[in-house]
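Protein chains in written order, with my numbering: chain A, 5 to 182; chain B, 584 to 1266.
For each residue, glycine too, the CB sits at the ideal point set by N, CA and C.
Quick caveat: nothing in here was measured; it's all calculated off a predicted structure.
Spelled out as structure tokens, the structure:
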């Protein structure tokens, strides 16, 4: 449950208090960035997406009736915004990257590139979950709340995501092994 | 769910420190046992490390929040003031939206009210004028200058002013200037009239009805009409010094119902003498029933008029009373002044004559003018004298009528009889009836009709002297079978109406109308229908005819038919006298099984000769045909079922159409509304 102070800030923001909203920007923009980055895999684009999402959230803040749901709603806007950007960006550049990634598998410096494409292949929700976990080091319950997931489902998502990536990156990781 | 199967989940959760102690123990225990999982554990740890490193590098820099804030501030300028934002937020509250919708509905209702012209009670000043107009009319009834009043009342009462203290105002205006008091008060607006009027009602007093300014010209020519509301007020008005030199013509008319005309005339004469008046004219008229009615005109001094009226009211029942006053002051003094001028004129003309001019033409001219002036003088003198006499005495016209004036003088008893006869020989009876004519039995109308089908009927109307009537009617009844006989007696009052104890009753001639018809046309006294089931229809039908003839009956109608199922029907209609009816019914049993017997009898009172009255039988002789009808069977049932289900489908289709037509416009409106609201919200 949310504490009373936090709740009051959300309520004020919904009713048009700019100060409160700016406070929320300070506390939540990294979280939103994490989500957007998870989807877009690009810092600049993610930043733009977060900025757009914040403006949009301010304009349609009155749609939220329950202050408790404000953070989750904010995350949803960021996700939608990031997804829009993603769709506009590139029709299908992935196969090339994958090929590139597999062709230079033995090169340790290419590990980052491979990781990138492995992440890109994951479902969008999985990527968002991973970035929330690794950027913000959030506990599972909070991530579930922010992404609107049911209790306990994140464990499965992260487990599968890690397993998929592990299998894909096996050759590259072998060289990393100490 | 074992640890091994879900090793990925467990490993990830372990790395992220999301495992419970129990789970962690279980995992570590499993890793000790399972080499595969140990390998995966190793790889996952590396994977996790790689990811941590990658994201550590990608983390936004420290100024990230500031950039976000700056962008937000640039894109969302704080332009709105506190009040504007307050209203903007208020508009977004659901309660405000609901209130808005309610206000909109209310506004629509009000608009509807305005359009349909329905009004809320008790609003607006113009409603207060309605009771005024309604109550003015009954108050004014019974005044003898009603028509004049109605004329000025027709102008919505604008120019009429009711005042409870009109005496001084009226006096002032008539003495000082010829302009009517209307000039002072005529311009009053309507709402001011109402309170004054109510005051008037509460305290009865003199009341002057003045005309509107636009009617002033007219008012200058005519005297101002003055009405008195109460008789007692009049007495004081008569002695009022302000009115002392006014010329008023007062007259009254009274309708009275009295017991005895002569008594009433005597009493009225006595009252008139008491009040220093006199009886001017008397007239009376005797009615056919001996009652008197008449009219008396009495002249009394104006100041005694009211007392006199009170006195004559005691003579009988007051039916109607009107009281009127005509103020001729202005006309009177005008005429007087004109008379004075005319006299001066006359004198000057006489002087001119005395000069003895030589010119004959001038003389003639002066003579002519003198004649005209003198004529005028005489006319004016006559007017003044007439007015003087009118003003000196008030005229009371009393209409007297004795009680029960309309009572009947005598009664006439009128009898009218109608007789309907049935006979086999219409013409013979017709001729017999005509032969009964004598001075006391007068045939007024006789008519014999024969139409192209050979049906004969006749009508005879006669007037019979009262003493002969019973014998003649009995004779006529014996000529045939009586279908109907009615006598109607009416007592007609003559020379009046209603009941009268003294009037005598006389018997008038009896009017007798006889209609004669062939007994064929007579309606059956009893009607019976029955069915006889038999195997040989044709044969039994023949036998039925024989039976009927034996019982003195006649076959009126018969038919035979056969239907596709092989059933045969013979329909026979018979007429037998009632006395043979039972015998025939018994005989029918021999023909076959008698079914579905239904009898209906017309009750015509005790006048009918029951034994000879005709009874109608309609008999159906029939045989049973095929047992199975073509309407049953598999195909027929199938056909019917399909037909019915098609009808049901069509019906439901129609209902759906009705529902769509019913809902479509509303749903379109609702969808449109939602779309508009969404558009507004999105902005």
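Which listed residue (A:169, A:157, A:20) has its alpha carbon closest to that of residue 666 of chain B: A:20
Out of B:948, B:885, B:931, which has the shortest C-alpha to C-alpha gap to residue 973 of chain B? B:885
Closest by C-alpha distance to residue 1031 of chain B, when choosing among B:1042, B:1037, B:1023: B:1042
Just how far apart, CA to CA, sit residue 642 of chain B and residue 147 of chain A? 18 angstroms
Answer with yes or no whether the minimum CB distance from residue 135 of chain A to chain B is below 8 angstroms. yes
Of all the options A:90, A:129, A:169, which has the alpha carbon lying nearest to the alpha carbon of residue 152 of chain A? A:129
Cβ of residue 655 of chain B within 8 angstroms of any chain A Cβ: yes
Which one of A:63, A:71, A:61 has the shortest CA to CA distance from residue 13 of chain A? A:71
Pairwise C-alpha distance: residue 164 of chain A and residue 17 of chain A: 37 angstroms
In chain order, which alpha helix (DSSP H) runs of at least 4 residues are fully inside the segment 967 to 1053 of chain B? 1009 to 1018
Please report the distance separating the alpha-carbon of residue 950 of chain B from that of residue 944 of chain B. 10 angstroms
Run through DSSP, which three-state label would residue 1146 of chain B get? coil
Where residue 1023 of chain B and residue 1056 of chain B are concerned, what is the direct C-alpha to C-alpha distance, given to the nearest angstrom? 13 angstroms
Alpha carbon to alpha carbon, how far is residue 137 of chain A from residue 639 of chain B? Give it in angstroms, no decimals. 12 angstroms
So is residue 126 of chain A in contact with chain B if we call contact Cβ pairs under 8 angstroms? no
Is it true that the CB of residue 1076 of chain B sits closer than 8 angstroms to the CB of residue 1018 of chain B? no
Extent of the continuous alpha helix (DSSP H) to which residue 1077 of chain B belongs: Where residue 1077 of chain B is concerned, there is no enclosing alpha helix (DSSP H), although the beta strand (DSSP E) it sits in stretches over 1064 to 1077.
Against chain B: residues of the segment 24 to 42 of chain A by CB proximity under 7 angstroms: 26, 29, 30, 33, 34, 37, 41
Return helix, strand or coil for residue 737 of chain B, following the three-state DSSP convention. Low confidence applies to residue 737 of chain B: its pLDDT is 42, below 50, so where it sits in the model is not reliable, and the reading given next is rough at best. Of the three classes helix, strand and coil, the one that applies to residue 737 of chain B here is coil, per DSSP.
Pairwise C-alpha distance: residue 1203 of chain B and residue 1171 of chain B: 12 angstroms
Closer than 8 angstroms by C-beta to residue 1180 of chain B: which residues in its own chain qualify, once you throw out the five before and the five after it? Chain order, please. 1111, 1112, 1113
Spatial neighbours of residue 1178 of chain B within its chain, please: CB distance less than 8 angstroms, with the 5 preceding and 5 following residues excluded, ordered by chain position. 1113, 1114, 1115, 1116
I think residue 1065 of chain B touches residue 1004 of chain B, with their Cβ atoms under 8 angstroms apart; what is that distance to the nearest whole Å? 6 angstroms
Starting from the Cα of residue 965 of chain B, find the closest Cα among B:919, B:948, B:981, B:1233 and give me that residue. B:919
For the pair the segment 949 to 963 of chain B and the segment 913 to 932 of chain B, tell me if three or more CB-CB distances fall below 8 angstroms. yes
Report the rounded CA-to-CA distance for residue 1185 of chain B versus residue 1198 of chain B, giving the unit in angstroms. 10 angstroms
My parser needs the alpha helix (DSSP H) runs of 4 or more residues fully inside the segment 600 to 658 of chain B; what are they? 604 to 616, 618 to 641, 647 to 658
Give the DSSP bridge partners of residue 908 of chain B, in chain order. B:833
Taking only three categories from DSSP, how would you classify residue 1182 of chain B? strand
So, is the C-beta of residue 58 of chain A closer than 8 angstroms to a C-beta in chain B? yes
Go ahead and pull the three-state DSSP assignment for residue 770 of chain B. Because residue 770 of chain B sits at a pLDDT of 40, beneath the cut-off of 50, its placement in the model cannot be relied upon, and the following sentence gives the value as read from the coordinates. Correct three-state label for residue 770 of chain B: coil.
Could you spell out the range, first to last residue, of the beta strand (DSSP E) harbouring residue 685 of chain B? Not the beta strand (DSSP E): residue 685 of chain B falls in the alpha helix (DSSP H), residues 677 to 699.
Could you tell me which residues DSSP puts in a beta bridge with residue 869 of chain B? B:875
Considering only residues of the same chain and omitting the five flanking positions on each side of residue 591 of chain B, which have a CB-CB separation below 8 angstroms? 623, 627
Proximity of residue 1241 of chain B and residue 1100 of chain B at Cβ, strictly below 8 angstroms: no
Between residue 39 of chain A and residue 135 of chain A, how many whole angstroms is the CB-CB distance? I'm expecting something under 8 angstroms. 7 angstroms
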